[in-house]
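K.L.:
Numbering (the UniProt record's numbering), first residue to last: 1 to 238.
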């Protein structure tokens, strides 16, 4: 009986070590992203003009953009998005007709933005998988903690099993900690995936007319047409 319990304890410990190593890198990455997100939510200091003005980032074509800080209580992602309208299109440029928007956008810049959109779609799928994996790991860790505790109770009833019972109790505690960790990571990954979905919805609303204008243009080259129609999203006008 004692040998069986020892073997179980060793196997469980090794299994948890493997799982922890597999999720370590993803956990660290999401921890960093979460810390950065929380930092952005802090109220900017009055004596820090750079924070008051917003955050400067590099756009898909290398241009510098300033993102205004979100309003208090806001998550930083707006849902009040209006579609861009195209007045004219030629071989190089789309001239926009939306009030308040920039005057034009190049075909190259639009392709870069479409590529960014696809990467964001892939990231959303990845985050959903991470969230699902963490949920499964949480359930497995909770079951493992229960099993280890039951075996620890059995070991206490065996002569000379006190030390083994202590090890099993410690293993049960580790499993509980793993379950808590997995639950938190699941929550963060799920939230990040939801944010990706909101951003993608906004992109679809705002930029789809531009993609469609390129597809419908007689001056669009076959390679460019295939780039936008790789998933059949934008059918040429009849």
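Ideal Cβ positions, reconstructed from N, Cα and C, are used throughout, including at glycine. Computed from a predicted model, the values in this text were never measured in an experiment.
Does residue 139 get closer than 8 Å to chain D when you measure Cβ to Cβ?
P.N.:
Among the chains of the structure shown, chain D does not appear; only one protein chain is present.
K.L.:
Looking at the structure shown, is residue 217 part of a helix, part of a strand, or coil, going by DSSP?
P.N.:
Here residue 217 sits in coil by DSSP.
K.L.:
Just to confirm, are residue 196 and residue 172 a CB contact at a threshold of 8 Å?
P.N.:
It is not a contact, given that the beta carbons lie outside the stated cut-off.
K.L.:
When you compare only the Cα positions, how much space is there between residue 218 and residue 206?
P.N.:
For residue 218 and residue 206, the distance between alpha carbons rounds to 23 Å.
K.L.:
How about residue 96 and residue 110: are their beta carbons less than 8 Å apart?
P.N.:
Not a contact, by the Cβ cut-off of 8 Å.
K.L.:
From residue 112 to residue 209, what distance separates their C-alpha atoms?
P.N.:
Answer to the nearest angstrom: the Cα atoms are 16 Å apart.
K.L.:
Answer yes or no: do residue 86 and residue 213 have a C-beta to C-beta separation smaller than 8 Å?
P.N.:
Yes, Cβ-Cβ distance for residue 86 and residue 213 is below 8 Å.
K.L.:
If you follow the alpha helix (DSSP H) that residue 94 is in, where does it begin and where does it stop?
P.N.:
Counting along the chain, residue 94 falls outside any alpha helix (DSSP H), though it belongs to the beta strand (DSSP E) covering 93-96.
K.L.:
Go ahead and label residue 211 buried or exposed: buried means 16 or more other beta carbons lie within 10 angstroms of its beta carbon, across all protein chains shown.
P.N.:
Buried, since its Cβ has 16 or more Cβ neighbours within 10 Å.
K.L.:
Could you tell me the distance, in whole angstroms, from the CA atom of residue 67 to the CA atom of residue 140?
P.N.:
Unreliable positioning characterises residue 67 in this predicted model, as indicated by a pLDDT of 42, which lies under 50. A coordinate reading is not provided.
K.L.:
Within 10 angstroms of its Cβ, does residue 188 collect 16 or more other Cβ (buried), or is it exposed?
P.N.:
Counting Cβ neighbours within 10 Å, residue 188 comes out buried, since at least 16 surround it.
K.L.:
Report buried or exposed for residue 161, applying the criterion of at least 16 other Cβ atoms within 10 angstroms of its Cβ.
P.N.:
Counting Cβ neighbours within 10 Å, residue 161 comes out buried, since at least 16 surround it.
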